[in-house]
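Residue numbers (the working numbering), protein chains in the order written: chain F, 39 to 315; chain Z, 891 to 1226. Inspection log for the structure reproduced underneath, given as structure tokens.
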Amino acid sequence: MNNIYMPHLAEIKEIIDESPDTRTFRLKFKDGDTADRFEFKAGQFAEYSAFGDGESTFCIASSPTRKEFIECSFKVFGKVTQALHRLNRGDTIGIRGPYGNWFPLDELKGKNLLFIAGGIGIAPVRCVIDNVLDLRNDFKDLTIISGARSVSDIIYKQEINVWKDRTDIKTIITVDPGGETPSWDGEVGFVPAILEKTAPSPENTAVILCGPPVMIKLTIPILTNLGFKDEEIFTTLENRMKCGLGKCGRCNIGNVYVCKDGPVFTYAQIKRMPQEF
Amino acid sequence: MDEKIILKDDLLRICGDVIDKGHILLCPVMNEYSIVKDFSRIKLDASALPAGTSFKCYVFPKTEPVLYYKRSKSDVQLIDVNIDRKNIVILGAKPCDANSLNIMKHLFNWDYSDEFFNLREKNFIIIGLMCSHYDEYCFCTSVDSSPVSEKGSDIFLIPVDENKFAMRIITEKGSEFISPYAEYLKTGDENISKQITENVKLPKVAFDSNEVYEWLGENFESPKWEGIGNLCLSCAKCAFVCPVCHCFDIVDEDYSYTEGRRMKNWDGCQFGNFTMHASGHNPRDIQSKRYRQRVNHKFRYYVDKFGEILCTGCGRCSRGCPVSIDIKEIVSNCKD
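If you want it as structure tokens, here you go:
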């Protein structure tokens, strides 16, 4: 029987403590065949199992161009993420996926890209950034604006250092007011304010925007003021899911199933949905 | 269409054979579809109300394992599930129940096929029975069905008199099922059964489902929802008795330190934590939003996705509601 609820097993090869409450797993499928066959695109998600506690939904945080590992990052919040957090290197988890749609990178070739992320929202954005960096010549100017609550809450410090070292990306990292340390040399301020200050040009530019709902809500009017079109703003919706397959019935917004029709939507699409976020 | 006449006693003989062959025979007995071992209990009463629940739980169980796991030190072993593939014969399904599997099939098969549903559904033989009774909660005629609808039935029975039925063989599956029993079947007369079905009293058409569809599209924000939300206890009984509600949860159940199983359990969109995010944020945080979801899902979203109303008009949700919320009344009066 083809059991759509059956996960693949993967081994935790490495654990990166990104911040006090956020971890990244580097995962490798136990079965070589699965590892070869597992193809995904930037923006897709998967269901990760901690056997005994259940499944949780996160995006795949690594780039599809980097096939050595599958990476996921999660913040400890509920039962499953706590259970995942208890696992050690060498332990086994389950992965079901990849599910959902993706950022249309093929259509965005030849454009400037503006990445805006807040908090754990940088996980899906990072997948796109690394994907784009591996195809660097296909895209024009790249700008990253990423915010965290405080300096210790900044995740992907390793990746951010790589991005900062490159001269072909503009990387702006900000922390919320009060979250800075004496040695902090980045920006201080909420993401929308930093965006306003940076004032990137909307000319031939697409935006990849992920973060907590309140950040998205306050960032979009600024993008609109700067002249970005709704169709050029891509974001992801993060609703509660169980199956990821369009069946369990909880992630829908109107007739849109986030797990199948999403999670990637343009702001133009989101505006047409019933306002139930 | 192939129409036959069968005596009730012969029909019961077929039932006996079905049981002897080791198939499962499901009949409405007392207030539910029960597995019948003694066919003398079978009533086949067209004038009965719909049973308290449909036969949904035999194709989509209330709770079922989707996998088993065994943990050792850092390794995990997964064991797949075997589905019981016994044939299930449902005798005397009301038209409002008979069509439920056809409606649910879309959901369990768009892109990803849920074989837990499919393998069971494939082994169902549905023998529908015309319905000659309705109460104030019935509204099948408002949702593209009727008490004499053959939709979803493999074989459809129409009582001619106390001792015999007209038997319409609707599907290939039905014809295959009945062919070994040809000796019991006499040639029928379509005109007689037609006369009977035409004389069945139909529940009044309470609303026009197209109008409801339109209204829902324009009234996502409406004070109506708040009123209903204030009444509703969010017990989700409506979802559990519904023949086509299909939302579920997936949870792990350890039964020892090293072993356990992953379960797929019925869930209900009326529960407060149904959509709650880990962060505590909840897109449907109040009852009015959850009831709005229920009505929209049935009469708008499902139509958008699959071209069918997610409702058979059986009226169970209203008949059983502890606070007398009547979905038929709500959608009928939506414009007032």
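Note that the Cβ used here is the ideal one computed from N, Cα and C, for glycine as well. No experiment lies behind these values; they were computed from the predicted model shown.
DSSP three-state call for residue i: helix, strand or coil?
i, result
"residue 279 of chain F", "coil"
"residue 94 of chain F", "strand"
"residue 84 of chain F", "strand"
"residue 1160 of chain Z", "coil"
"residue 1153 of chain Z", "strand"
"residue 1137 of chain Z", "coil"
"residue 1002 of chain Z", "coil"
"residue 1057 of chain Z", "strand"
"residue 1018 of chain Z", "strand"
"residue 67 of chain F", "strand"
"residue 982 of chain Z", "strand"
"residue 290 of chain F", "strand"
"residue 1092 of chain Z", "coil"
"residue 1200 of chain Z", "coil"
"residue 72 of chain F", "helix"
"residue 966 of chain Z", "strand"
Beta carbon of residue i, beta carbon of residue j: below 8 Å?
i, j, result
"residue 1060 of chain Z", "residue 1013 of chain Z", "no"
"residue 93 of chain F", "residue 85 of chain F", "yes"
"residue 1055 of chain Z", "residue 909 of chain Z", "no"
"residue 166 of chain F", "residue 153 of chain F", "yes"
"residue 229 of chain F", "residue 215 of chain F", "no"
"residue 182 of chain F", "residue 210 of chain F", "yes"
"residue 970 of chain Z", "residue 277 of chain F", "no"
"residue 324 of chain F", "residue 101 of chain F", "Beyond the ends of chain F as shown, which are 39 and 315, falls residue 324 of chain F; an answer cannot be given."
"residue 1204 of chain Z", "residue 1160 of chain Z", "no"
"residue 212 of chain F", "residue 232 of chain F", "yes"
"residue 260 of chain F", "residue 163 of chain F", "no"
"residue 1075 of chain Z", "residue 1189 of chain Z", "no"
"residue 66 of chain F", "residue 107 of chain F", "yes"
"residue 57 of chain F", "residue 193 of chain F", "yes"
"residue 1036 of chain Z", "residue 985 of chain Z", "yes"
"residue 1134 of chain Z", "residue 990 of chain Z", "yes"
"residue 129 of chain F", "residue 1146 of chain Z", "no"
"residue 292 of chain F", "residue 311 of chain F", "yes"
"residue 168 of chain F", "residue 104 of chain F", "yes"
If I measure Cβ to Cβ from residue i and keep anything under 7 Å in the same chain, skipping five residues before and after, which residues do I get?
i, result
"residue 1093 of chain Z", "1024, 1028, 1029, 1030, 1031"
"residue 938 of chain Z", "918, 1023"
"residue 149 of chain F", "177, 178, 242, 243, 244"
Return the chain-ordered list of same chain residues with a C-beta closer than 6 Å to the C-beta of residue i, the five sequence neighbours on each side being excluded.
i, result
"residue 1125 of chain Z", "none"
"residue 127 of chain F", "50, 53"
"residue 1100 of chain Z", "none"
"residue 1017 of chain Z", "981, 1045"
"residue 265 of chain F", "240"
"residue 1065 of chain Z", "1059"
"residue 235 of chain F", "none"
"residue 967 of chain Z", "960"
"residue 59 of chain F", "113, 114"
Which residues in the same chain as residue i place their Cβ atom closer than 8 Å to its Cβ, once the five residues preceding and following it in sequence are excluded?
i, result
"residue 120 of chain F", "91, 114"
"residue 1220 of chain Z", "1114, 1118, 1185"
"residue 1009 of chain Z", "973, 975"
"residue 1137 of chain Z", "1129, 1156, 1157, 1158, 1159, 1164"
"residue 953 of chain Z", "1153, 1154, 1155, 1156"
"residue 1183 of chain Z", "1159, 1174"
From the DSSP output, read off the bridge partner residues of residue i.
i, result
"residue 225 of chain F", "F/212"
"residue 61 of chain F", "F/55, F/112"
"residue 1010 of chain Z", "DSSP lists no partner for residue 1010 of chain Z."
"residue 153 of chain F", "F/182, F/246"
"residue 1077 of chain Z", "Z/894"
"residue 46 of chain F", "F/133"
"residue 1144 of chain Z", "Z/1150"
"residue 253 of chain F", "DSSP, once it has assigned bridges, lists no residue as partnering residue 253 of chain F."
"residue 1051 of chain Z", "Z/1054"
"residue 303 of chain F", "F/273"
"residue 954 of chain Z", "Z/1154"
"residue 922 of chain Z", "Z/919"
Using a Cβ-Cβ cut-off of 8 Å, state whether residue i counts as contacting chain C.
i, result
"residue 1173 of chain Z", "You won't find chain C in this structure, because its protein chains are F and Z."
Can you determine whether any heavy atom of the ligand GDP sits closer than 7 Å to the C-beta of residue i, and answer yes or no?
i, result
"residue 202 of chain F", "As presented, the structure is devoid of all ligands, the ligand GDP included, so that no description of it is given."
Between the region 1096–1111 of chain Z and the region 241–261 of chain F, can you find at least three pairs of beta-carbon atoms closer than 8 Å? no
Using 8 Å as the threshold, is the region 276–286 of chain F in touch with the region 129–137 of chain F, meaning 3 or more CB pairs across them? yes
Are there three or more Cβ pairs, one per stretch, closer than 8 Å when the region 940–960 of chain Z is compared with the region 906–921 of chain Z? yes
Examine the Cβ distances between the region 204–218 of chain F and the region 175–194 of chain F and report whether three or more of them are shorter than 8 Å. yes
Indicate whether the contact test is met: 3 or more Cβ pairs, each with one atom in the region 300–311 of chain F and one in the region 253–273 of chain F, closer than 8 Å. yes
Taking one C-beta from the region 1143–1158 of chain Z and one from the region 948–960 of chain Z each time, how about it: are there three or more such pairs within less than 8 Å? yes
Check whether the region 1168–1185 of chain Z touches the region 1035–1043 of chain Z, taking contact to mean three or more Cβ pairs, one atom from each stretch, closer than 8 Å. no
Contact between the region 988–996 of chain Z and the region 1193–1208 of chain Z (3+ Cβ pairs under 8 Å): yes
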